[in-house]
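Here this note's numbering = 1-based position in the sequence shown + 26.
From the three backbone atoms N, C-alpha and C, an ideal C-beta is built for every residue, glycine too.
To start, the structure itself, in structure tokens.
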Amino acid sequence: MKQQESRGGIPWPAYLLLAAIAVLVVAVALRLHARQLEQEQAMRWSRIASDVDRILSGVNQHLGLLGTALEHPPPGSTALPPLQRHPAWGGWSADVRIEDQGRSVPLHLSGAGPAPPPAAREEIAAALQVAPLMLATRQDLPETTWIYYLSAQRFLLAVPWVDPLTYHYRDTLLQKPFYRQLEPRNNPTLAARWTEPYADEFGQGLMVTAARPVTWDGRFRGVVAIDLTLQQLNRLLGDVGPLVRGAYLIDGQQNILAERDQQAQKPPDNGPVPNIRDRLPEDLTPEQARQALAAGGLQHLGHYRLQVFPLKQAPWKLVVCQTDGAFWWLVLQRMRGELVILVLIALVILMLERNRRMQARLAVMEDRFRQTTELLPEIVYEADADGNVTFLNQVGLQRLGYLPEDLPRLNLRDLFVFQPPESNRPGNPTARMEMEYRVRTRDGEQFPALLRASPIREHGQIVGERGILIDISELRRYQQELETLATTDTLTGCYNRRMFMELAETEYKRCRRRRRKCSVLLLDLDHFKHINDSWGHTAGDEALRHFVRLLQGVLRDTDILGRIGGEEFAVLLPDASLEQAEEIAERIRERVESEPLPHGRVRIPVTVSIGVVELDGEGLDTALRMADRALYTAKEEGRNRVVSWM
27 MKQQESRGGI PWPAYLLLAA IAVLVVAVAL RLHARQLEQE QAMRWSRIAS DVDRILSGVN
87 QHLGLLGTAL EHPPPGSTAL PPLQRHPAWG GWSADVRIED QGRSVPLHLS GAGPAPPPAA
147 REEIAAALQV APLMLATRQD LPETTWIYYL SAQRFLLAVP WVDPLTYHYR DTLLQKPFYR
207 QLEPRNNPTL AARWTEPYAD EFGQGLMVTA ARPVTWDGRF RGVVAIDLTL QQLNRLLGDV
267 GPLVRGAYLI DGQQNILAER DQQAQKPPDN GPVPNIRDRL PEDLTPEQAR QALAAGGLQH
327 LGHYRLQVFP LKQAPWKLVV CQTDGAFWWL VLQRMRGELV ILVLIALVIL MLERNRRMQA
387 RLAVMEDRFR QTTELLPEIV YEADADGNVT FLNQVGLQRL GYLPEDLPRL NLRDLFVFQP
447 PESNRPGNPT ARMEMEYRVR TRDGEQFPAL LRASPIREHG QIVGERGILI DISELRRYQQ
507 ELETLATTDT LTGCYNRRMF MELAETEYKR CRRRRRKCSV LLLDLDHFKH INDSWGHTAG
567 DEALRHFVRL LQGVLRDTDI LGRIGGEEFA VLLPDASLEQ AEEIAERIRE RVESEPLPHG
627 RVRIPVTVSI GVVELDGEGL DTALRMADRA LYTAKEEGRN RVVSWM
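Have a look at this one:
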């Protein structure tokens, strides 16, 4: 030991002390980062639970408002609309429409028998007075699928409208669980309830229903209900974070209402509803799972971490499952700083132990530099003050196409295509710099690279340069792709809604400054759903692309085209009056009608309805709404026509 100390080495107790300090630092940092990660995950998952609660709260509040309104309808009477009898299914229906923002919105009203009995007419009239509130609820809660009132008097009032020939009131509806469970004999407190998942009869897939009983004068009259599809609930679990084994939204019977599980196979829309017990790890016993789900909070079960968040607005829970390995891997990713410090401490110890004399330390550092540069995926070089390359790592030799024997004849001028100003050009740096250049390989290929260089100094004099070249070809390509994806509709190649609105707003303002006329077209493919249903979604995609090609063949270079919906497109026509816009719209309509879509051996007829409006001081959003009304009129008048909004 004395001999080691006499040579300038560090005593072994000092090594042990440094090692103990390093282990202590790592242990403390590990615990702190683990606690911080637990808090962040809990906050993230609690926020998701709060988002679900917010939606459920909105459903419950609107359900209460609808129930109260049905139990206490506003004074006055509403005349029943003309009834249409349907002998085929032994019932009746009525054409009910409500004015909403200048539009006539249809509602579904149907019932059993040839006509509603006298006792039901008063209840139907009261329900129709509440219909505007049902429509407002639909607009306030876009996540909902159906909003309806099912009466014990054997009639159904629903939003949105459904063709009574397709779907109508049936007595079997009164046997559904959501109705039977709310009858007074099964629900003495007349409380609102959420149902278990079930298959929607109208093909919307699996859904859950929030329902509330309606009473008049102490008598049970029916049920008002709001439906949510499980597919809509699934969207709420999109931000549970990385390395999560599974996240599940379950009801009181542990049925899975929504999930994010990469290992689970998605059930069919009308298939059986999976249970949380089918998703939890197989090595967890049913008793462990039951206790963890009942206890709530964070539970450690074997190699798994289970966190349960009860919801406030429904007897549901958010369950998140994560393996211990995934959790600690995330913790280690957060400890890069501490690990780097630990590595640096080890490097210092090794350098001091090997040799304290300057010459040996420089040799060790140079050797380590050479080894490190060979491990780096970037090009590393050194050059003298004249730009002659004195070192090029193996990655650089391979990427640039040179051999080690080429280095004595290689200069930085051979590598860089564009020479920057003299003060910043490679081969003559006066300070640390970071710039982008185009680099040339031996065979003439060029690629963009990020140069990070600094001068090499000896005794205060600059004797050369050391730099790293990072190939950013892929980065530039990804940036270009991201710019394209951010502005372009990937299916049709035209602008997406956001880019269209930006460009159209800018062009519209330009026209206003120059006092030029400007018009807007709103176009919608007719019977697009029929194309999808009859020939498949591939044909629907082909129809959209075919339609855009025809549009581009008619539009001017200055016109701005964008896809703003599924089969809905908008065009801004600068320097175009209403008459000119109508002429362009008619040419588009004729062009589309005259060129059917070729699909295999058939040619599918395609037509388009177009709404036209001239902008006259109003904003672009207002103009689009007016064009939408004109488009709606075109649809109502039989489609395949151009309608202008005056």
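Practice problem: Put N86 into one of helix, strand or coil per three-state DSSP. | Solution: helix
Quiz item: C520 by DSSP, collapsed to three states: which one?
Solution: coil
Quiz item: Who are the near neighbours of R613 in its chain, counting only those whose CB is closer than 6 Å to its CB and skipping five residues on each side?
Solution: V580
Self-check item: Rounded C-alpha distance that separates T659 from Y504
Solution: 44 Å
Quiz prompt | Of the residues S545, V369, R575, E616, the one placed nearest A607, counting alpha carbons only | solution = S545
Quiz item: So L599 and L547 are in contact, right, with Cβ under 8 Å, and what is the actual spacing, rounded?
Solution: 7 Å
Exercise. Inspect the beta-carbon positions of A284 and L256 and report whether they are closer than 9 Å.
Key: yes
Practice problem: Could you pull out every residue in the same chain whose Cβ sits closer than 8 Å to the Cβ of R667, ignoring the five residues on either side in sequence? | Solution: R615, S635, I636, A660
Quiz prompt | Pairwise C-alpha distance: I557 and D567 | solution = 10 Å
Quiz item: Straight-line CA distance for K17 to H134?
Solution: Examination of residue 17 is not possible in this model, given that the chain is present from 27 through 672 alone.
Quiz item: Can you list, in chain order, the residues of its chain whose CB lies under 6 Å from that of A236, leaving out five sequence neighbours each side?
Solution: V85, L89, W220, I252
Quiz item: Does the count of Cβ pairs from the stretch 53 to 71 and the stretch 352 to 368 closer than 8 Å reach three?
Solution: yes
Quiz item: For V618, which option in T648, I496, L570 has the closest C-alpha, if you only look at C-alpha atoms?
Solution: L570
Practice problem: Just the C-alpha distance for L161 and T513, rounded to the nearest angstrom, thanks. | Solution: 34 Å
Exercise. Taking L551 as the reference, give the member of L623, V369, A372, W118 with the closest Cα.
Key: L623
Practice problem: Label N281 either buried or exposed according to how many other C-beta atoms from any shown protein chain fall within 10 Å of its C-beta, with 16 as the threshold for buried. | Solution: buried
Practice problem: Look up T221 in the DSSP assignment and say whether it is helix, strand or coil. | Solution: coil
Self-check item: DSSP bridge partner residues for K343 (one or two, in chain order)
Solution: I276, P336
Quiz item: How many Å lie between A217 and V249 at the Cα?
Solution: 11 Å
Quiz item: L436 and V465 look like a contact to me (Cβ under 8 Å); what is the Cβ gap, rounded to whole Å?
Solution: About 13 Å; that fails the 8 Å criterion.
Exercise. Check whether the Cβ atoms of A653 and A602 lie closer than 9 Å to each other.
Key: no
Quiz item: What are the start and end residues of the alpha helix (DSSP H) that includes P203?
Solution: 203 to 206
Self-check item: Chain-order list of residues whose beta-carbon lies under 6 Å from that of L42 (same chain, five-residue window excluded)
Solution: none
Practice problem: On a CA-only basis, which of P140, V639, D410 is nearest R483? Give me that one, please. | Solution: D410
Quiz item: Nearest CA to the CA of G137: which residue from H98, R305, L183, R123?
Solution: L183
Quiz prompt | Straight-line gap, E64 to V443 (C-alpha atoms, nearest Å) | solution = 51 Å
Exercise. Tell whether a beta-carbon distance below 9 Å holds between G588 and M527.
Key: yes
Exercise. Sort out for me which residues DSSP pairs V546 with in a bridge.
Key: L598, V639
Practice problem: Look up H112 in the DSSP assignment and give the residues it is bridged to. | Solution: G117
Practice problem: Can you check DSSP and say which residues form a bridge with F417? | Solution: E408
Quiz item: The alpha helix (DSSP H) with M160 in it runs from where to where?
Solution: 144 to 166
Self-check item: Contact belief for A145 with L96 at Cβ below 8 Å, rounded distance in angstroms
Solution: Going by Cβ atoms, the distance from A145 to L96 rounds to 16 Å, so no, they are not a contact pair.
Quiz item: Taking G413 as the reference, which of G264, R439, M461 has the closest Cα?
Solution: R439
Self-check item: According to DSSP, residues forming a beta bridge with A475
Solution: Y463, D497
Quiz item: So what does A236 bridge to, in DSSP terms?
Solution: W220, I252
Quiz item: What is the C-beta distance between G427 and Y407, in whole angstroms, given that I count them as a contact (C-beta under 8 Å)?
Solution: Actually they are not in contact, since the Cβ atoms of G427 and Y407 sit about 14 Å apart, beyond 8 Å.
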